[in-house]
Each structure stands twice: as structure tokens, then as C-alpha cells.
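Novice: Okay, handing you the structure first.
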Amino acid sequence: MILGEVDGAAAVLERCWRDGYCVPNPDVYPHLWLWDSCFHSISWAALGDPRAAIELASCLDAQLPSGFVPHMRYAAPSEGSGPLTDRSSFTQPPIYAHAARVLTERGLSPVPGTLERIERALDYLWNHRMTADGLLFIVHPWESGSDDSPRFDDWIGRSAWSRLAFTIFDHQLVEATKFDEEGAAVWSREFVVAPAAINAFAAHAARELATLTGSQEWHRRADELAAAIDGLLWDGEQRHWVDQPIVGGGPSAALPTLDGLIPALVTPDPERARLALAQAEDAAGYGAPFGLRFVPAGHPRYQPEQYWRGPAWPQLNYMLYQAALRWEATTLADTIADASRRAALVSGFAEYWNPETGAGLGAIPQGWAALAAAYPAVPAQPEPPAAD
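Structure (C-alpha cells):
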């Protein structure tokens, strides 16, 4: 690891640190976000800092008695994300089990009780968010993590991105959501979908929890969900996994986005993994000089600086890196690691960046860009021979 990345990552996390967690950005995002904090925990662990365990525990502190984990814990009372005022009523990708495994591998023990809380969180998803077909569903784009993905365009009824249009749509969907007695979102009359990426993140989380605890039950659940993803969401023509609309939606759920490659994390099929990861390597597809494009180059909806329409995202780079490691795709893994390290520095540790130039976009700096420190160290280059 080159010194700039370690120092830069540490400085970003220090700047964002509050009482027990990092805000993603002090000015733009002054609250705790669930999957952001999971990635902060991974980054702290890469730095050998015990705050890794503290942050992972903090992101589970808002957990409801049912096991549901809200995607935000507010710094001050807030409204607009459901009936609760101290936390949101929606959730986010369950990266917490992977974070716990990373901590353990790096010799940092999770806070006592963390694994039990993670198990309750995953149990909630399996018991309350599972379709009869065996896929997990979400009830708001916020829950995907990829808030304004082109895959959601048919729900909003437009193909061109507009911040105002999506903001209005997001709040309409809150009004269309059904909440349980604890305040957790359980259904929507306008937006329900089983996304490929969410299902892959959940299957991966189940597998990570099984590895940590030795639970055969979680191994079984992980395998069953991975099989459902392959059986119901694989698109052989496009060589990626699609989302499955349940309420609303349309053909946009099958559009090519980086989310469609995430199930390479869990698929049991080596050929499908190979076909998907090959697109991540393709310079005419997702592979770019500064990381993975969210939308492949050449697609009509590809815009390299437009929010979820094409920029590279550090957290998705990291998860595809994990998928590449799983399948021993070392060239791809090394490429993602190198591009992510360089992009973090060039972008100023930005929230996301132009994958062609590395220009920083969104909030700068953003906590999860500290993931640059989580990649393996760059081998030292030998000194050139002295001139005669």
C-alpha cells in the first residue's frame, strides 16, 4: 500500500468520526448510514484501528426488537423516511456480516453481541422480506443502495435522470409504503422488487455469518438463496442477473448495470461467474481507467458524471473485487484494486467519480472512499540498477 492511501484513508475517517461512528460526509450526510458504516468498519480494520468494531456495533444500534435494521440513524429528530423520527423505516444492503468477518480476519474482535444482532437482522429479512419464490424483496429504491439506478426507470416513468423527479418520486413512495407496528417498512402499493444485487449481498452475508459461527442453517440459507438468484434472475443473452419486478416496474429492471454482476459473489455456477466477470474486465463494457462504470460504456444511458448513470462507486468496486477473489480472477482483482487506489487519491476520496478521468463527484471527501486502504499493499518496486 502506498503511503498516500493509508494517510488519506485515515484522515478521511478521522474527519468524519463522531461519537462511535463516521458520518459519510460532515456537511452533506450528517447522519449514520447503514452500509456506509459497514464499509467504514472495513476501512478502520484495514488500518488496524479498534474503531472498526465500535463502528460496526454502532450501525446496529438502531435495530428494532423484530431484528429490522434501519438504513439511517438520525443525528437529530427528522421526518420524511417513515413514521420514526430518530431513525429511518427502511433498510439497506446487509454488508454487516462481511464486515464482521473482515474484522475477525484482521485480528479485531467484534463487540460482544454483534454476531447475535447480525443473525437477528438476517433472520428478519428471511422471515419478513422473502417471496414465495425464495427471493428477497425491497419496498423503496433507498433500500437497494443504488437509489436512482436505471433499473428503476420504469417505476418513475422516465429514462432521463432528474434529481427533482427522483426526489419527488422517493417521497411519493414513502407515502405508498405500509409500515408495521414498530415503524419498519413491510410493503408498498407502488414499488416492490427483488433486485439481483440485494439478493446477492444477502446470500453473501448468510455465508459470511455461517463461516463465523459454523452454522449449517446459514450455509443452507445462503445456498438456497444463491440457487434462487441463478434460477430466477440469470439472463443468458445479456450475461448478467436482472431484477424481478413484483409491484410496478417493467423492462428497465433488466437494463445492464453493475448491480447485475454482483451475484458473481455467490453463484454456484463457474461459467456464469466467468461470463459476468468478463464484462467487468471489458474496456468497452464496465472496465474503465478509474474503476468499474455503473452503466457500461456505449449504452444510451451511460453518463460518466451523472449520479447512478455511470460513475464508479468505491463500495461497488470493493464488492466486485471480492467476487473476483472468490473465482481467482486475479487479473481483474488486481485491476480493480489498482484503479480504486488511484481513483481515491485523484478524486480526493470522493463519494463517487468519473470512471474515465477520476474526477471527484458527489460529497468530497466521503467515508467509504477509505476502502482504498482495504486493498492489498502494492509490491515494492525494485531500485533500478546504478549507472556505470
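The sequence shown lines up with residues 97 to 484 when you count with the numbering used here. From the three backbone atoms N, C-alpha and C, an ideal C-beta is built for every residue, glycine too. Since this is a predicted model, take the numbers as computed values, not measurements.
Quick check on the DSSP output: the beta strand (DSSP E) that includes Ala281 runs from which residue to which?
Specialist: From DSSP, the beta strand (DSSP E) with Ala281 extends over 281 to 284.
Novice: Evaluate the contact criterion for the region 328 to 343 versus the region 288 to 296: three or more CB pairs, one atom per stretch, below 8 Å.
Specialist: They touch, by the three-pair rule.
Novice: Output yes or no for whether 8 Å exceeds the beta carbon distance between Ala324 and Asp229.
Specialist: Yes; because the gap between Cβ atoms is below 8 Å, this pair is in contact.
Novice: Roughly how many whole angstroms lie between the Cα atoms of Gly332 and Phe248?
Specialist: C-alpha separation (whole angstroms): 21 Å.
Novice: Among Trp140, Glu424, Ala318, Gly163, whose alpha-carbon lies nearest the alpha-carbon of Leu152?
Specialist: When each option's Cα is compared against that of Leu152, the closest is Trp140.
Novice: Quick one: give me the first and last residue of the alpha helix (DSSP H) that Gln340 is part of.
Specialist: Not the alpha helix (DSSP H): Gln340 falls in the beta strand (DSSP E), residues 340 to 343.
Novice: For the putative contact between Trp113 and Gln411, defined by C-beta atoms under 8 Å, what is the C-beta separation to the nearest angstrom?
Specialist: Not quite, the Cβ-Cβ distance comes to about 19 Å (not below 8 Å), so this is no contact.
Novice: Is it buried or exposed for Arg368, if we count other Cβ within 10 angstroms and need 16 for buried?
Specialist: It is buried - the Cβ of Arg368 has at least 16 other Cβ atoms within 10 Å.
Novice: Quick check: what's the CA-CA separation for Ala149 versus Trp464?
Specialist: Roughly 16 Å separates the two Cα atoms.
Novice: How is the alpha helix (DSSP H) around Thr263 delimited, first residue to last?
Specialist: Where Thr263 is concerned, the enclosing alpha helix (DSSP H) stretches over 259 to 271.
Novice: By Cβ distance below 8 Å, which residues in the same chain neighbour Glu320 in space, the five residues on each side in sequence not counted?
Specialist: Taken in chain order, the residues that qualify are Gly230.
Novice: Where does Leu160 fall in DSSP's three states?
Specialist: Here Leu160 sits in coil by DSSP.
Novice: Which two residues bound the contiguous alpha helix (DSSP H) that contains Ala172?
Specialist: Element bounds for Ala172: n/a, residue is neither H nor E.
Novice: Under 8 Å between the Cβ atoms of Ala446 and Gly456?
Specialist: It is a contact, given that the beta carbons lie within the stated cut-off.
Novice: For Pro364 and Arg370, I'd like the C-alpha separation in whole angstroms.
Specialist: Roughly 11 Å between the two C-alpha positions.
Novice: Note down the Cα distance separating Arg183 from Ala280, rounded to an integer number of angstroms.
Specialist: C-alpha separation (whole angstroms): 10 Å.
Novice: Helix, strand or coil: how does DSSP classify Trp409 here?
Specialist: Here Trp409 sits in coil by DSSP.
Novice: In angstroms with no decimal places, state the Cα-to-Cα distance between Ser177 and Thr263.
Specialist: Approximately 12 Å, taken between the alpha carbons.
Novice: Should the region 266 to 273 be regarded as contacting the region 410 to 426, the criterion being three or more beta carbon pairs within less than 8 Å?
Specialist: The region 266 to 273, when compared against the region 410 to 426, does not touch it at the 8 Å Cβ threshold.
Novice: Look at the alpha carbon of Gly104 and the alpha carbon of Arg285, and state the distance between them as a whole number of angstroms.
Specialist: Cα to Cα, Gly104 sits roughly 45 Å from Arg285.
Novice: With 16 as the cutoff for other CB atoms within 10 Å, does Ala468 come out buried or exposed?
Specialist: Buried: at least 16 other Cβ atoms inside 10 Å.
Novice: For Tyr125, does the three-state DSSP call read helix, strand or coil?
Specialist: Here Tyr125 sits in strand by DSSP.
Novice: Out of Ala433, Tyr220, Tyr192, state which residue places its alpha-carbon closest to the alpha-carbon of Val207.
Specialist: Per the Cα distances, Tyr192.
Novice: Following the continuous alpha helix (DSSP H) through Ala106, name the residue where it begins and the one where it ends.
Specialist: Note, Ala106: alpha helix (DSSP H), 99 to 112.
Novice: Got a sec, what are the start and stop residues for the alpha helix (DSSP H) Val198 sits in?
Specialist: From DSSP, the alpha helix (DSSP H) with Val198 extends over 192 to 201.
Novice: Looking at the structure shown, is Ala290 part of a helix, part of a strand, or coil, going by DSSP?
Specialist: Strand at Ala290.
Novice: Report the three-state DSSP secondary structure of Gly356 (helix, strand or coil).
Specialist: Residue state, collapsed to three classes: helix.
Novice: Using beta-carbon positions only, say whether Pro173 and Phe275 come within less than 8 Å of one another.
Specialist: Contact flag unset, no.
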